[in-house]
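So the first sequence is residues 10 to 315, counted in this note's numbering. Glycine included, C-beta positions come from ideal geometry on N, C-alpha and C. Note that this is a predicted model, so its numbers are computed, not measured. Only one structure is covered here, and it is reproduced in the block below.
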Amino acid sequence: MPELPEVEVVRAGLAPAVTGALVLGVTVLDERALTRHTGDGIHFETALTGRRIVEAARRGKFLWLPLEGSDGEPAREALVAHLGMSGQILLREPGAAPERHERVRLDIQHPDHGDLSVVFADQRTFGSLAIDALIPTSDAAPGGWGTTAASVPEQVAHIARDPLDPAFRDAAFRATLARKDSAIKRVLLDQSVVSGVGNIYADESLWAARIHPETPAKALSTRAVNRLLAEVRVVLEKALAEGGTSFDAQYVNVNGQSGYFSHSLNAYGRTSQPCPRCGRPIVRVSFTNRSSHFCPHCQRVPRRAA
DNA sequence: GGAATAACCTGGATGC
DNA sequence: TGCATCCAGGTTATTC
């Protein structure tokens, strides 16, 4: 599933192909891909056609392509993308055959690479595209990875910075956790607290930090929170270096290739298999409409939740 | 206001 | 073989 590493791989692949490119045409094949857009498909196509893309930026799991303002003014709008669970952004030759779950296609012209098609395909239609206004960041720091502009799409403004963002504040994160009575895994998945972490990397980080997913966030010591934050960063950076996690064709980079981090997982998806640390079996439990994987020996049940 | 839950969605896997 | 059901999970609206 696309979490921070997967989205960053897509952003990094997209950036050289779209930066400076002119949008020649837009085709919306399925308006369900525009659930975050305030207009209909025709509005989306009209608003985007003829615009020039400035760069490719990302915060957490959100991607956006700022659109050049008129007369060289700073970008005031951006094309925002969220991949949801199964969204893909693919670069294709102009006129390439439609992808199986293709929802939107942008035909662009790049000054160096010529004509290209940017295809948004999404099997489960949880992902979406939108044109949104850019607003100043609350901390005056760059909006996210891939941009130096201190702006962010309005619908991304509530998303916290991710742990790999230089502007992420560890102290503020610790203070937030100290006020939260919720289970630490739930807090890790709350994108308004820390972004980019999804079910896979939450399980992996908690396993690495030896913290039970049901531990109340406020019960964690400063030392434990620091250890968890360090492990979140290690896991995300390792996954990024390996091109993300792919279990099937659900996640691929802009060229349609899978990542390799699934071979490095220690807990997620390893139900009944031996814990790489102690050898006891990894267990899977239902947790807030999804599953949690952990080692009951290495990650002890907190007294309150027992 | 904080926390918990349900709904959205498709296709692969599984059971009968 | 074919049909029904379950499951995966990010985000957000709704409910408590």
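Sub-8 Å separation of residue i and residue j beta-carbons
| i | j | result |
| --- | --- | --- |
| D141 | E86 | yes |
| L173 | K194 | no |
| F53 | V32 | no |
| Q164 | V63 | no |
| A159 | P145 | yes |
| A217 | S191 | no |
| Y210 | V244 | yes |
| V18 | N262 | yes |
| P103 | D121 | no |
| Q282 | G69 | no |
| A169 | P14 | no |
| H46 | A166 | no |
| A250 | Q118 | no |
| L57 | R20 | no |
| R309 | S300 | no |
| P285 | A228 | no |
Contact set for residue i: own chain, Cβ-Cβ below 8 Å, skip 5 residues either direction
| i | result |
| --- | --- |
| D179 | N235, L238 |
| A233 | A218, I220 |
| A315 | Caution applies to A315, whose pLDDT of 41 falls short of 50 and renders its modelled position unreliable; the model cannot decide the point. |
| R61 | G29, A30, L31, V32, L76, E77 |
Sequence-distant residues of the same chain with beta carbon closer than 7 Å to residue i, five excluded per side
| i | result |
| --- | --- |
| H110 | A130, D131, Q132 |
| E213 | V244, L274, N275, A276, Y277 |
| T185 | V202 |
| A265 | The question names Ala, but residue 265 in the sequence shown is Gly. The residues are L99. |
Residue interval of the beta strand (DSSP E) (run including residue i)
| i | result |
| --- | --- |
| G22 | It is not in any beta strand (DSSP E) - G22 instead sits in the alpha helix (DSSP H) that spans 13 to 27. |
| L198 | Here L198 belongs to no beta strand (DSSP E); instead the alpha helix (DSSP H) covers 193 to 198. |
| G34 | 31 to 37 |
| A87 | 86 to 91 |
| L76 | 71 to 76 |
| E229 | For the sequence presented, residue 229 should be read as Leu rather than Glu. Careful: L229 lies outside any beta strand (DSSP E) and carries neither H nor E. |
| D116 | 111 to 119 |
| G96 | 96 to 101 |
| D124 | 123 to 131 |
| S137 | 137 to 145 |
| S160 | 160 to 162 |
Inter-residue CB distance, residue i and residue j (contact presumed, cutoff 8 Å)
| i | j | result |
| --- | --- | --- |
| V128 | E108 | 6 Å |
| G153 | A66 | 5 Å |
| L125 | L100 | 6 Å |
Nonlocal neighbours in the same chain, by C-beta distance under 6 Å from residue i, ignoring five residues either side
| i | result |
| --- | --- |
| G96 | D131, G136 |
| H306 | C287, R289 |
| D39 | R112 |
| R41 | T134 |
Enclosing alpha helix (DSSP H) for residue i [first to last residue]
| i | result |
| --- | --- |
| S214 | 208 to 217 |
| R188 | 179 to 188 |
| F53 | 50 to 57 |
| message | Please give the ranges of any beta strand (DSSP E) in the stretch 235 to 299, keeping only runs that are unbroken, at least 3 residues long and fully inside the region. | response | List check, beta strand (DSSP E) in window: 292 to 296.
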